[in-house]
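Numbering (the working numbering), first residue to last: 18 to 307. Here a beta-carbon is modelled for each residue, glycine too, at the ideal position from N, C-alpha and C. First comes the structure, then the notes that go with it.
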Amino acid sequence: MKIYIDGKYYDERNAKISVFDHGLLYGDGIFEGIRAYNGRVFKLKEHIDRLFYSAKAILLEIPMAHADIMAATVETCRQNRIRDGYIRLVVTRGAGTLGLNPRSCKQPSVIIIAGKIQLYPQELYQQGMDIITVPTTRNLHSALNPAIKSLNYLNNILAKIEANNAGCEEAIMLNAAGFVAECTGDNIFVIKEGHLLTPPLSAGALYGITRRTVMELAAQAGLAVSEPDLTRYDLFNADECFLTGTAAEIMPVVKIDGRTIGAGKPGPVTRNLVTQYHTLTKASGQPIYE
Ligand code: PXG
């Protein structure tokens with residue numbers, strides 16, 4: 018595997034960054050998780066846009082232009098002969114002194130890894146997932162805005178551990194007001210009487226790129242799409258529920274906190290969206306090999 022670090026490619030065992038990098042010392046940095054399908058990078062521009070928005074929010078100056086990061090991402094896929102894969106793009110604050118002042122970091126680092134990801138077992142896509150609400154609430158906007166895809170994922174990791182301890186693969190995180198925010202690495206949706214509902218960004222959801230894509234597909238299919246505040250009660254009484262994410266794609270949910278959702282198996286609206294999503298991922302995106 019060839020890994021891109023600051024303009025050069027390194028073998029896996031030589032791909033290293035400084036122990037003084039504030040990305041490591043403080044989680045001071047940002048990232049993106051991107052997919053390639055069928056020789057194309059899916060929603061590349063949208064991911065790089067979000068990377069720049071995250072950077073702006075944490076006053077991190079990415080040392081490359083938008084177009085150059087797009088080109089480096091595609092080139093890293095080419096170097097690794099990726100047709101279908103997963104790309105992790107990381108920008109760290111860079112090496113500095115021991116002490117959290119980011120002004121000691123002279124040069125942010127850009128890292129691009131192109132490999133594979135299998136987030137959840139395949140059979141869960143057929144059966145649907147059983148998930149729970151966990152005690153750890155999503156970060157407050159006023160503390161660390163969940164819209165920022167930062168290297169500070171402890172909030173999500175704690176929730177994931179709580180889910181894993183209960184035998185579940187994913188966790189529903191509420192915000193401090195008790196409304197549903199999102200899952201640890203996925204957005205959440207419900208279907209109720211022909212309406213597609215998902216928490217608003219103000220509830221503490223990441224501006225998910227799969228989330229937006231699914232909302233567009235649903236609107237095209239004639240579903241009413243809205244973003245109201247949702248409570249656990251709304252989830253329990255939904256006709257269908259599913260999660261979205263770049264890695265997860267669309268994952269049906271059939272049980273929440275012991276309550277069976279709808280008929281207890283992936284529903285027709287979810288299955289239709291899955292089909293449409295797969296059609297879209299196969300046929301669109303930035304070509305890698307032309
Ligand atoms: N919420 C959170 C907190 C996320 O981290 C999503 C929602 C879905 O967003 P996208 O834009 O991907 O639709 C994410 C994204 C992993 C992994 O390694 C996690 C994500 C993406 C890729 C890999 O677990 N989360």
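Pull up the CB-CB distance for residue i and residue j, whole angstroms please, since I reckon it's below 8 Å.
| i | j | result |
| --- | --- | --- |
| Leu240 | Val197 | Incorrect: roughly 19 Å between the Cβ atoms, too far for contact. |
| Leu168 | Gly281 | Wrong, their Cβ atoms sit about 38 Å apart, outside the cutoff. |
| Tyr26 | Lys19 | 4 Å |
| Leu213 | Thr150 | In fact, because the Cβ distance is near 21 Å, the residues do not count as touching under 8 Å. |
Could you check what DSSP says for residue i in three-state terms: helix, strand or coil?
| i | result |
| --- | --- |
| Tyr17 | A query on residue 17 cannot be resolved here, the shown segment of the chain reaching from 18 to 307 and no further. |
| Ile174 | helix |
| Arg98 | coil |
| Lys25 | strand |
| Glu140 | helix |
| Ala235 | helix |
| Phe69 | helix |
| Lys282 | coil |
| Glu210 | coil |
| Thr261 | strand |
| Met18 | coil |
| Ser121 | helix |
Could you tell me the distance, in whole angstroms, from the CA atom of residue i to the CA atom of residue j?
| i | j | result |
| --- | --- | --- |
| Gly46 | Gly24 | 18 Å |
| Phe69 | Ala164 | 12 Å |
| Thr261 | Tyr306 | 28 Å |
| Leu175 | Asp147 | 18 Å |
| His295 | Asn118 | 45 Å |
| Tyr224 | Arg110 | 22 Å |
| Arg120 | Ser126 | 14 Å |
| Glu186 | Asn172 | 16 Å |
| Asp203 | Thr114 | 35 Å |
| Thr215 | Ile267 | 14 Å |
| Lys272 | Phe48 | 31 Å |
CB-CB under 6 Å to residue i, same chain, minus the five flanking residues each way: which ones, in chain order?
| i | result |
| --- | --- |
| Val286 | Ile208 and Glu257 |
| Arg100 | Gly56 |
| Cys94 | Ala53, Ala131 and Ile305 |
| Phe59 | Arg52, Thr298 and Gly302 |
Taking the alpha carbon of residue i as the reference point, which residue from the options has its own alpha carbon closest?
| i | options | result |
| --- | --- | --- |
| Ala235 | Glu210, Asn289 and Thr277 | Asn289 |
| Arg57 | Leu76, Glu92 and Leu136 | Glu92 |
| Pro152 | Lys123, Gln135, Asp274 and Gly50 | Asp274 |
| Lys177 | Ala255, Gln96, Ala89 and Thr201 | Thr201 |
| Glu29 | Asn172, Gln96 and Cys122 | Gln96 |
| Ala82 | Ile75, Lys62, Gly116 and Arg98 | Lys62 |
| Ala194 | Ala255, Ala180 and Gly221 | Gly221 |
| Ala89 | Gln139, Ile22 and Val36 | Ile22 |
| Met232 | Cys122, Val291 and Tyr250 | Val291 |
| Gly211 | Glu199, Ala238 and Asp246 | Ala238 |
Short of 7 Å in beta carbon distance, which residues of its chain neighbour residue i, apart from the five on each side in sequence? Order them along the chain.
| i | result |
| --- | --- |
| Ile134 | Tyr103 and Ala264 |
| Gln124 | Pro80 and Gly111 |
What does a CB cutoff of less than 8 Å around residue i pick up in its chain, not counting 5 residues either side in sequence?
| i | result |
| --- | --- |
| Leu76 | Pro119 |
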